[in-house]
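A.B. asks: The sequence shown maps to residues 39 to 535 in the working numbering. The beta-carbon is built from N, C-alpha and C at its ideal position, and this holds for glycine as well. Please read all numbers here as calculations on a predicted model, not as lab measurements.
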Amino acid sequence: MAWALKLPLADEVIESGLVQDFDASLSGIGQELGAGAYSMSDVLALPIFKQEESSLPPDNENKILPFQYVLCAATSPAVKLHDETLTYLNQGQSYEIRMLDNRKLGELPEINGKLVKSIFRVVFHDRRLQYTEHQQLEGWRWNRPGDRILDIDIPMSVGIIDPRANPTQLNTVEFLWDPAKRTSVFIQVHCISTEFTMRKHGGEKGVPFRVQIDTFKENENGEYTEHLHSASCQIKVFKPKGADRKQKTDREKMEKRTPHEKEKYQPSYETTILTECSPWPEITYVNNSPSPGFNSSHSSFSLGEGNGSPNHQPEPPPPVTDNLLPTTTPQEAQQWLHRNRFSTFTRLFTNFSGADLLKLTRDDVIQICGPADGIRLFNALKGRMVRPRLTIYVCQESLHLREQQQQQQKREDGDSNGTFFVYHAIYLEELTAVELTEKIAQLFSISPRQISQIYKQGPTGIHVLISDEMIQNFQEEACFILDTMKETNDSYHIILK
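#1: Between the C-alpha atoms of Pro486 and Ala479, what's the straight-line distance to the nearest angstrom?
#2: Quick check: the Cα distance between Pro356 and Gln131, rounded to an integer number of angstroms?
#3: By the 10 Å Cβ neighbour count, where 16 or more other Cβ atoms means buried, how is Ser335 classified, buried or exposed?
#4: When the Cα atoms are used, what is the spatial distance from Ile225 to Asp139?
#5: Evaluate Ala23 with the Cβ neighbour count: other Cβ atoms within 10 Å of its Cβ, from every protein chain shown; 16 or more gives buried, anything less gives exposed.
#6: How about Leu371 and Phe390: do their beta carbons lie closer than 8 angstroms?
#7: Using CA atoms only, rank isn't needed, just tell me which of Glu293, Leu127, Ile190, Leu362 is closest to Phe247.
#8: Cβ atoms of Arg136 and Val108: under 8 angstroms apart, would you say?
#9: Are the stretch 286-299 and the stretch 250-267 touching, with three or more C-beta to C-beta distances below 8 angstroms?
#10: Can you tell me which residues form a DSSP beta bridge with Ile519?
#11: Could you give the C-beta distance for Lys274 and Ser231, rounded to a whole number, given that I count them as a contact under 8 angstroms?
#12: Looking at Pro104: is its Cβ nearer than 8 angstroms to the Cβ of Leu146?
#13: Could you say which of Thr366, Arg427, Lys155 lies nearest to Lys397 if we only look at CA atoms?
#14: Comparing alpha-carbon positions, which option in Phe158, Ser490, Leu312, Leu124 lies nearest Thr526?
#15: With three or more C-beta pairs closer than 8 angstroms as the rule, is the stretch 199-214 touching the stretch 150-162?
#16: DSSP three-state label for Asn333, please.
#17: Which residues share a DSSP beta bridge with Cys271?
#18: Are the stretch 503-512 and the stretch 463-472 touching by the rule of at least three beta carbon pairs closer than 8 angstroms?
#19: Is Val324 helix, strand or coil by DSSP?
#20: My assumption, with CB atoms under 8 angstroms, is that Tyr303 sits in contact with Leu119. Please give the rounded CB distance.
#21: Within a Cβ cutoff of 8 angstroms, which residues of the same chain sit near Gly496, ignoring the five residues on either side of it in sequence?
#22: Determine the extent of the beta strand (DSSP E) in which Trp215 is found, giving its start and end residues.
#23: In terms of DSSP beta bridges, what is Lys219 paired with?
#24: According to DSSP, simplified to helix, strand and coil, what is Gln488?
#25: In whole angstroms, give me the CA-to-CA distance for Gln174 and Val161.
#26: Based on DSSP bridge pairs, tell me the residues matched to Leu109.
#27: State the Cα-Cα distance for the pair Glu122 and Thr313, rounded to the nearest angstrom.
#28: Of the residues Lys294, Ser222, Trp180, Arg182, which one's Cα is nearest the Cα of Pro193?
#29: Does the beta carbon of Leu363 fall short of 7 angstroms from some heavy atom of the ligand GDP?
#30: Leaving out five residues on either side along the sequence, give the residues of the same chain with a beta carbon under 6 angstroms from the beta carbon of Ser268.
#31: Just confirm the distance between the C-beta atoms of Tyr493 and Ile504, as a whole number of angstroms; I'd bet it's less than 8 angstroms.
#32: For Phe234, tell me which candidate among Gly177, Lys420, Pro319, Thr522 has the shortest Cα-Cα distance.
#33: What is the rounded straight-line gap between the Cα of Leu534 and the Cα of Leu362?
#34: Around the C-beta of Gly74, are 16 or more other C-beta atoms found within 10 angstroms, so that it is buried, or is it exposed?
#35: Where does Cys271 land, buried or exposed, given buried means 16+ other C-beta within 10 angstroms?
#36: Using C-beta distances below 8 angstroms, list every residue in its chain close to Ile187, excluding the 5 sequence neighbours before and after it, in chain order.
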């Protein structure tokens, strides 16, 4: 027996009314959101939006930059939209960067027919590493003595003039180029990203670098200091062929993603365009070895008194030996290890203070560091200096005679107290006449060029010209009295008696 539920007539009427009211409410929603209800221009005219609009920076997307730099290496496909591109490079491989002139007609006419200077840098991308860049690069220098972080492959480059690489700035190169001519520079990056990771246990991600180019024009004095343009890009550096494998891995991962997921990532481009950025802040480097300026205005001089002319600056004293002290803290001990080329052992001696390191015996150090580095570290800890090949002692004749006269006067006055003559030690390593000239000039606080010749007084008072062979036959700890003979052109002859 089948049962069928039938609603009363009144209920059917109520139900149909509810359906009509619901349909009407839906249509009302559509009308409220329609163009007739609200105008977008009216919304943007509200005070709050006007205030935000006025604070926005001007649109620079259509701005044409004077130069464009293109790195001929493919970008990674595993970079999300709106993120900066990332390019993988192989360690030591030459990569071309094309220097393009994008100026409009009449733009920057002051550089027409003139050269500009570009400075290339490889710097850290992470702000944390930027703060410790000097320490990071110094550690890399000790681990890789004689190597550079950035080099120019000059034979492959085109259009570059006067390329230079400062020995104290391992990550910087510079050159001149003519924007009107084709210019391509090939660079080589010799450090890898994993060399600067905190923990090296294998499989860690390397830190990203930046390749930055700053271009300058000449000022009125002919110096390239007026900034024109700067651009940079993000890179990671792998061991040889590692960048190719990483690019292939990223491409295979993207192929496995769904079309919807792929829309969230950038495509891989064949080249990398460097984007505009702020110029890299210039660091003032103190030149500790300036070109000597020779001054020949001396009328007289004496040892140890430094009474040269007021315009003459004496040579700086030799650097103080970097000895480890028992009071050295563990942090200072780590810096000492870096400075003395023991960076590979800093982790082993992380918590060692100066006293802890100095207590190590020779056998302990050799067992920890191996024979070669162990002996070197032990000698450095004990502050053992290499003995000079020859040591001689000199005294100026005028001082010697003055002291003799004082001694004679005291004897005549009945004073029996003796006197002593002050000599200065000269340490020779090369055993050459040039080295002896430089050492004597340093004692007199004059320029070596002011010493014309050095003679040795021989038998019967003859003057024998000093030669390398004669110095090599000097006796150890021989004593000499220096006599000076002044010439008309403010130069001197030195006589060893």
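C.D. replies: Checking against the coordinates, here is how it stands:
#1: Here residue 486 corresponds to residue number 448 of the sequence shown, with the count starting at 1. Here residue 479 corresponds to residue number 441 of the sequence shown, with the count starting at 1. Their Cα atoms are separated by approximately 5 angstroms.
#2: As a first step, residue 356 is located in the sequence shown; it is residue number 318 there, counting from the start. As a first step, residue 131 is located in the sequence shown; it is residue number 93 there, counting from the start. Confidence is the limiting factor: at Pro356 the pLDDT is only 42, short of 50, which leaves the residue's position unreliable and the question unanswerable from this model.
#3: Here residue 335 refers to the residue found at position 297 of the sequence shown. Its pLDDT being 34, under 50, Ser335 is placed unreliably in this model, and the value from its coordinates should be taken loosely. Label assigned to Ser335: exposed.
#4: Reading the sequence shown from its first residue, position 187 is the one you call residue 225. Reading the sequence shown from its first residue, position 101 is the one you call residue 139. A direct Cα-to-Cα measurement between Ile225 and Asp139 gives close to 19 angstroms.
#5: It is not possible to answer for residue 23, since the shown part of the chain is limited to 39 through 535.
#6: Counting from 1 along the sequence shown, the entry for residue 371 is found at position 333. Counting from 1 along the sequence shown, the entry for residue 390 is found at position 352. In the sequence on display, residue 371 carries Ala and not Leu. Closer than 8 angstroms, so yes.
#7: Residue 247 sits at position 209 when you count from the first residue of the sequence shown. Ranking the options by Cα distance to Phe247, first place goes to Leu127.
#8: Within the sequence shown, numbered from 1, the residue matching residue 108 stands at position 70. Within the sequence shown, numbered from 1, the residue matching residue 136 stands at position 98. Cβ atoms of Val108 and Arg136: closer than 8 angstroms.
#9: Short answer: they don't touch.
#10: For the purposes of this step, residue 519 is taken as the residue at position 481 of the sequence shown. Answer by DSSP bridge pairing, in chain order: Cys433.
#11: As a first step, residue 274 must be located in the sequence shown, where it is residue number 236. As a first step, residue 231 must be located in the sequence shown, where it is residue number 193. About 5 angstroms separates the two Cβ atoms, so the contact holds.
#12: In the sequence shown, residue 104 corresponds to position 66, counting from 1. In the sequence shown, residue 146 corresponds to position 108, counting from 1. In this structure, Pro104 lies near Leu146, with their beta-carbon atoms less than 8 angstroms apart.
#13: Mapped onto the sequence shown, residue 397 falls at position 359. Put simply, of Thr366, Arg427, Lys155 the residue whose alpha carbon is nearest the alpha carbon of Lys397 is Thr366.
#14: The sequence position of residue 526 within the sequence shown is 488, counting from 1. Cα-wise, what sits closest to Thr526 is Ser490.
#15: Enough Cβ pairs lie closer than 8 angstroms, so yes.
#16: Against the sequence shown, residue 333 aligns to sequence position 295. Note that Asn333 scores a pLDDT of 32, beneath 50, so its modelled location is shaky; the value from the coordinates is reported in the next line. Looking at Asn333 - three-state DSSP - the assignment turns out to be coil, as it is neither helix nor strand.
#17: Your numbering for residue 271 matches position 233 in the sequence shown. When beta bridges are read from the DSSP output, Cys271 appears opposite Val249.
#18: Enough Cβ pairs lie closer than 8 angstroms, so yes.
#19: The residue labelled residue 324 in the question sits at position 286 within the sequence shown. Bear in mind that the predicted position of Val324 carries a pLDDT of just 34, short of 50, making it too unreliable to give a figure here.
#20: As a working note, residue 303 is residue 265 in the sequence shown. As a working note, residue 119 is residue 81 in the sequence shown. With 8 angstroms as the limit, Tyr303 and Leu119 qualify as a contact, their Cβ atoms being about 7 angstroms apart.
#21: As a position in the sequence shown, residue 496 is number 458, starting the count at 1. Closer than 8 angstroms at Cβ, skipping near neighbours: Val502.
#22: Position 177 of the sequence shown, counting from 1, holds the residue named residue 215. Here the beta strand (DSSP E) through Trp215 covers 210-215.
#23: Within the sequence shown, numbered from 1, the residue matching residue 219 stands at position 181. When beta bridges are read from the DSSP output, Lys219 appears opposite no residue.
#24: Within the sequence shown, numbered from 1, the residue matching residue 488 stands at position 450. Helix.
#25: Counting from 1 along the sequence shown, the entry for residue 174 is found at position 136. Counting from 1 along the sequence shown, the entry for residue 161 is found at position 123. CA-CA distance, Gln174 to Val161, rounds to 11 angstroms.
#26: By 1-based counting over the sequence shown, the position of residue 109 is 71. The secondary-structure analysis by DSSP pairs Leu109 across a beta bridge with Ile135, Thr310.
#27: Locating residue 122 in the sequence shown gives position 84, where the first residue counts as 1. Locating residue 313 in the sequence shown gives position 275, where the first residue counts as 1. Spanning the two alpha carbons is a distance of roughly 9 angstroms.
#28: The sequence position of residue 193 within the sequence shown is 155, counting from 1. Among Lys294, Ser222, Trp180, Arg182, the Cα nearest to that of Pro193 is on Ser222.
#29: The model on display carries no ligand, and the ligand GDP is accordingly not part of it.
#30: Residue 268 sits at position 230 when you count from the first residue of the sequence shown. If we look at Ser268 and ignore the five residues flanking it on each side, its Cβ neighbours are Asp252, Cys315, Pro317.
#31: Residue mapping note: residue 493 aligns to position 455 of the sequence shown, counting from 1. Residue mapping note: residue 504 aligns to position 466 of the sequence shown, counting from 1. About 6 angstroms separates the beta carbons of Tyr493 and Ile504, which is inside the 8 angstroms limit, making them a contact pair.
#32: The count along the sequence shown starts at 1 and reaches residue 234 at position 196. Of all alpha-carbon atoms in Gly177, Lys420, Pro319, Thr522, the one lying nearest the alpha-carbon of Phe234 is that of Gly177.
#33: Here residue 534 refers to the residue found at position 496 when the sequence shown is read from its first residue. Here residue 362 refers to the residue found at position 324 when the sequence shown is read from its first residue. In this structure, the CA atom of Leu534 is about 39 angstroms from the CA atom of Leu362.
#34: Taking the sequence shown and counting its residues from 1, one reaches residue 74 at position 36. With a pLDDT of 41 at Gly74, under the threshold of 50, the modelled position of this residue cannot be trusted; read the value that follows with caution. Flag for Gly74 reads exposed.
#35: One-based indexing of the sequence shown puts residue 271 at position 233. With 16 or more Cβ atoms within 10 Å of its Cβ, Cys271 is classed as buried.
#36: The residue labelled residue 187 in the question sits at position 149 within the sequence shown. Annotation for Ile187: Val160, Leu175, Trp178, Leu208, Asn209, Val227, His228, Cys229 place their beta carbon closer than 8 angstroms to its own, counting only its chain and skipping 5 residues before and after.
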